[in-house]
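One structure is given here, and the rest of the page talks about it.
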Amino acid sequence: MGEALAEARAALEVGDFPVGCVIARGDLILTRGRRSNSRGETANELDHAEISTLRRFLSDFPEVAPGAVTVYATMEPCLMCYATLLLNGIRRIVYGYEDAMGGGTGLDLAGLAPLYREMRVEIVTHLRRAECLTLFRDFFANPANGYWQDSPLAEYTLRQP
489 MGEALAEARA ALEVGDFPVG CVIARGDLIL TRGRRSNSRG ETANELDHAE
539 ISTLRRFLSD FPEVAPGAVT VYATMEPCLM CYATLLLNGI RRIVYGYEDA
589 MGGGTGLDLA GLAPLYREMR VEIVTHLRRA ECLTLFRDFF ANPANGYWQD
639 SPLAEYTLRQ P
């Protein structure tokens, strides 16, 4: 999680939403990434840390079974990222700070179509939560960062002790 935090700090330094992500097999980090394009002319909802990190993993390590790795992220994956990780064979996800507005890991897979219903996923929550929370609090406290300002996530984050 320390390396995911470093990626998140790097995103925050350039004004992007501070989500960092790494994919590791045991103690070996295979790939890393951070949220990008959360502001400015190129702003979009595709360049999430988990998606860019997964792309690198799939490209650079085709020989590594996705079920053999762990994804570490500073924030709970959103529904898009969660489903993308699952569809690509990732079965272990560790995150630091809960996404009170759009987190996807609480989705009841058993109630979905067969493709998802049979999946067994391990979710580990709140690893180094305080450090992750600090990054998101710093982001939302800065009025220059317009991404999700005035959202339920911003309000929730700024109320956290």
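The sequence shown maps to residues 489 to 649 in my numbering.
Using N, Cα and C, we set each Cβ at its ideal position, and we do this for glycine too.
Predicted model only: the values in this text are computed from it and were never measured.
Item	Value
Ala556 versus Ile578: straight-line alpha-carbon distance, rounded	8 angstroms
Distance, Thr593 Cα to Tyr570 Cα	7 angstroms
Residue from Arg522, Leu518, Arg523 and Thr562 with nearest C-alpha to Ala553	Leu518
Supposed close pair Pro565, Tyr583 - CB separation, criterion 8 angstroms	7 angstroms
Min CB distance His536 to chain D below 7 angstroms	The structure shown contains no chain D; it is built from a single protein chain.
Test item: CB-CB of Met489 and Leu615 under 7 angstroms	yes
4 or more residues per run - each alpha helix (DSSP H) lying fully within the region 556-593	567-575
C-beta contact flag for Ala496 and Val510 at 7 angstroms	no
Secondary structure of Gly521, DSSP reduced to three states	strand
Inter-residue spacing [alpha-carbon to alpha-carbon] between Met589 and Pro649	18 angstroms
Beta-carbon spacing of Ala499, Arg522 below 7 angstroms	yes
Bridge partner(s) assigned by DSSP for Val612	Val582
Beta-carbon proximity of Leu542 to Glu619, cut-off 7 angstroms	no
Arg527 vs Tyr635 beta-carbon contact at 7 angstroms	yes
Local Cβ density within 10 Å of Thr530, reported as buried at 16 or more and exposed below that	exposed
DSSP state of Gly508 mapped onto helix, strand, coil	strand
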